[in-house]
Amino acid sequence: MPSSETLVLIPAFNEEPRLPEVLQQVRQVAPRLDVLVVNDGSTDATSAVARAAGARVCAHPFNLGYGVALQTGYKYALRAGYRFVVQLDADGQHDPAYVAALLQAVEGADVVLGSRFREPGSYRPPLLRRAGMILFARVASMLMGQRITDPTSGFRVLSRRALQFCASDSFPVDYPDADMLVAFHRAGLRVAEVPVRMHASAESGSMHGGLRPLYYVFKMGISIPLTMLRREHAALEP
Amino acid sequence: MPLQQKLFAIAAALVVLGFIVEMVRRRRLREEYAALWILTGGVMLLLALWYDLLVGITRVIGAVLPTTTLFLFGLLFLVVISVHFTIVISRLSNQVRSLAQELAILRLQGPGGPNTAAIRAAPSAGADGA
Chain A
0 MPSSETLVLI
10 PAFNEEPRLP
20 EVLQQVRQVA
30 PRLDVLVVND
40 GSTDATSAVA
50 RAAGARVCAH
60 PFNLGYGVAL
70 QTGYKYALRA
80 GYRFVVQLDA
90 DGQHDPAYVA
100 ALLQAVEGAD
110 VVLGSRFREP
120 GSYRPPLLRR
130 AGMILFARVA
140 SMLMGQRITD
150 PTSGFRVLSR
160 RALQFCASDS
170 FPVDYPDADM
180 LVAFHRAGLR
190 VAEVPVRMHA
200 SAESGSMHGG
210 LRPLYYVFKM
220 GISIPLTMLR
230 REHAALEP
Chain B
0 MPLQQKLFAI
10 AAALVVLGFI
20 VEMVRRRRLR
30 EEYAALWILT
40 GGVMLLLALW
50 YDLLVGITRV
60 IGAVLPTTTL
70 FLFGLLFLVV
80 ISVHFTIVIS
90 RLSNQVRSLA
100 QELAILRLQG
110 PGGPNTAAIR
120 AAPSAGADGA
């Protein structure tokens, strides 16, 4: 049984060096929340350090990707009966001090995004990547009829309704992005944004390197129109 | 069509058909996928035996040579079967993903785990075929 109504969800892939500090910070700011680390097929001691820090650990048998790791956490949270999930990255780029602010905003929303662009003290990504983010933030804002500044933020809170939507097997799992927000909106989920501070992530992830920016623009260009064509029918509780 | 060509075409069709039937018999190929290949072998045999049908189709689609008809439909068939395989692979990878997630949740470690009491069975895990 859950000992809190909120689960802190941290997907981790080979984060043995940085995970302990993140878990310790989470413990400091939210000592009463359960913490689940989803180990996405790491080849290092990610599971061991997470357990040592008192977290629950779900381990994928092989690497399945960031989005799938998140979804595993959503499925667990739903079945274990949590009402909310706070998700943050294991590499330390999301400051756990903002968890409380995110949780406060979820009272009036189903999905709360932590936006680095609403927080002046936040790290700014490189120009090219930022241009892509701003472009698709504009597109998402237009389609959703509300101002979205940071659609790629992986620092977010999901309500149970949002979890149900994201846990369905037909949900396309990938990095969180503008197309997903548009899908949320079309499924009738309320999206809100609050300012958070983000740090530069150590560029170990595959998320920023090489052809990623190109893939990103390509994927959004195709994915958003497809999302608009699709009829969202999630089994949502009222 | 010269007899030599006809014999070769019939032989080729029979080899394809025989191979498929044998694979299904040995359970190396599932019946649901065999249907398409048996149909293919059947059409090959039919066209080899009944050359006028090929000539007729050629006239209907406005092609000049029967060879054009053969290549055109051969290519179309390959495209269709590639798409079919892509669909099957997508379904399989979805199923693998769901299974891996189930496994991860079931063997949860940490405080209170293996936490099977708190975990209800997924209502539709893996049964999602669409």
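Chains as they are written, first to last, in numbering that gives the first Met the number 0: chain A, 0 to 237; chain B, 0 to 129.
Yeah, the Cβ is synthetic: ideal placement off N, Cα and C, and Gly gets one too.
Does the distance between the C-beta of residue i and the nearest non-hydrogen atom of the ligand PLP fall short of 7 Å?
i: phenylalanine 70 (chain B); result: Among the components of this structure there are no ligands whatsoever, and the ligand PLP is therefore not found.
Taking just the CA atoms, how far does residue j sit from residue i?
i: glycine 61 (chain B); j: methionine 219 (chain A); result: 42 Å
i: arginine 117 (chain A); j: arginine 31 (chain A); result: 28 Å
i: histidine 59 (chain A); j: valine 36 (chain A); result: 11 Å
i: valine 34 (chain A); j: threonine 42 (chain A); result: 21 Å
i: aspartate 39 (chain A); j: asparagine 13 (chain A); result: 8 Å
i: valine 42 (chain B); j: alanine 103 (chain B); result: 48 Å
i: serine 205 (chain A); j: glutamine 94 (chain B); result: Residue placement at serine 205 (chain A) cannot be trusted, given a pLDDT of 45 that sits under 50; the coordinates are not used to answer.
i: isoleucine 9 (chain B); j: leucine 71 (chain B); result: 20 Å
i: leucine 6 (chain A); j: serine 97 (chain B); result: 21 Å
i: glutamate 21 (chain B); j: leucine 38 (chain B); result: 15 Å
i: alanine 96 (chain A); j: phenylalanine 84 (chain B); result: 48 Å
i: glutamine 3 (chain B); j: glycine 55 (chain B); result: 21 Å
i: valine 156 (chain A); j: leucine 69 (chain B); result: 58 Å
i: methionine 227 (chain A); j: alanine 182 (chain A); result: 8 Å
i: serine 203 (chain A); j: glutamine 163 (chain A); result: With a pLDDT of 45 at serine 203 (chain A), under the threshold of 50, the modelled position of this residue cannot be trusted, and the question is left open.
i: leucine 87 (chain A); j: alanine 33 (chain B); result: 48 Å
i: valine 105 (chain A); j: aspartate 94 (chain A); result: 18 Å
i: proline 175 (chain A); j: arginine 185 (chain A); result: 16 Å
i: valine 85 (chain A); j: serine 81 (chain B); result: 41 Å
i: glycine 125 (chain B); j: threonine 71 (chain A); result: The predicted position of glycine 125 (chain B) is uncertain, since its pLDDT is 40 and thus under 50; a value taken from the coordinates is nonetheless stated next. Approximately 14 Å between the Cα atoms of the pair.
i: phenylalanine 7 (chain B); j: leucine 48 (chain B); result: 11 Å
i: valine 87 (chain B); j: phenylalanine 170 (chain A); result: 17 Å
i: alanine 79 (chain A); j: arginine 229 (chain A); result: 30 Å
Could you give the residue range of the beta strand (DSSP E) that holds residue i?
i: aspartate 33 (chain A); result: 33-38
i: leucine 112 (chain A); result: 110-114
i: proline 10 (chain A); result: 5-11
i: alanine 58 (chain A); result: 55-58
Going by Cα to Cα distance, which pick from the options is closest to residue i?
i: leucine 77 (chain B); options: B:Val95, B:Trp36, B:Leu48 and B:Gly41; result: B:Trp36
i: arginine 55 (chain A); options: B:Arg96, B:Arg106, B:Val20 and B:Arg26; result: B:Arg106
i: lysine 74 (chain A); options: A:Ser158, A:Arg123 and A:Glu15; result: A:Ser158
i: leucine 102 (chain A); options: A:Arg128, A:Gly66 and A:Ala29; result: A:Ala29
i: aspartate 173 (chain A); options: A:Arg129, A:Tyr97 and A:Tyr65; result: A:Tyr65
i: proline 125 (chain A); options: A:Gln27, A:Ala199, A:Leu18 and A:Ala44; result: A:Ala199
i: leucine 180 (chain A); options: A:Ser167, A:Ala161, A:Arg196 and A:Val195; result: A:Ala161
i: serine 92 (chain B); options: A:Phe61, A:Leu77, A:Leu225 and A:Glu15; result: A:Phe61
i: alanine 68 (chain A); options: B:Ser89, B:Arg26 and B:Glu101; result: B:Glu101
i: glycine 187 (chain A); options: A:Phe217, A:Ser152 and A:Met143; result: A:Met143
i: leucine 44 (chain B); options: B:Lys5, B:Leu74, B:Arg90 and B:Met0; result: B:Lys5
Report all residues from its chain with a CB closer than 7 Å to the CB of residue i; omit the five preceding and five following residues, and keep chain order.
i: glutamate 138 (chain A); result: The sequence shown places valine at residue 138 (chain A), not glutamate. Contacts found: Ala177 and Ile223.
i: proline 194 (chain A); result: Ser114, Arg117 and Glu118
i: glycine 40 (chain B); result: Ala12, Val15, Leu16 and Ile19
i: leucine 46 (chain B); result: Leu52 and Leu53
i: arginine 123 (chain A); result: Arg129
Can you list, in chain order, the residues of its chain whose CB lies under 8 Å from that of residue i, leaving out five sequence neighbours each side?
i: aspartate 149 (chain A); result: Leu112, Gly113, Ser114, Arg115, Phe116, Arg117, Met132, Ala136 and Glu192
i: arginine 146 (chain A); result: Ser140 and Glu192
i: leucine 18 (chain A); result: Ile9, Ala11, Val36, Thr45, Val48, Ala49, Ala52 and Ala89
i: alanine 99 (chain B); result: none
i: tyrosine 240 (chain A); result: Residue coverage of chain A in this structure runs from 0 to 237, which leaves residue 240 (chain A) outside it and unanswerable.
Among residues of its own chain, excluding the 5 on either side of residue i, which ones have a beta-carbon nearer than 6 Å to its beta-carbon?
i: alanine 108 (chain A); result: Arg189 and Ala191
i: glutamate 15 (chain A); result: Asp43, Ala44, Thr45 and Val48
i: leucine 28 (chain B); result: Met22
With residue i as the anchor, note down where its alpha helix (DSSP H) starts and where it stops.
i: leucine 6 (chain B); result: 2-24
Using a cut-off of 8 Å between C-beta atoms, extract the partners of residue i located in chain C.
i: serine 97 (chain B); result: No chain C appears in this structure, whose protein chains are A and B.
Q: Any chance you could list the beta strand (DSSP E) runs of at least 3 consecutive residues sitting entirely within the region 146-229 of chain A, in chain order?
A: 155-158 and 190-194
Q | Length-filtered (3 minimum) beta strand (DSSP E) runs lying within the region 68-147 of chain A | A | 83-86 and 110-114
Q) At what residue ranges does the region 55-82 of chain B contain a whole run of the alpha helix (DSSP H), taking only runs of 4 or more? A) none
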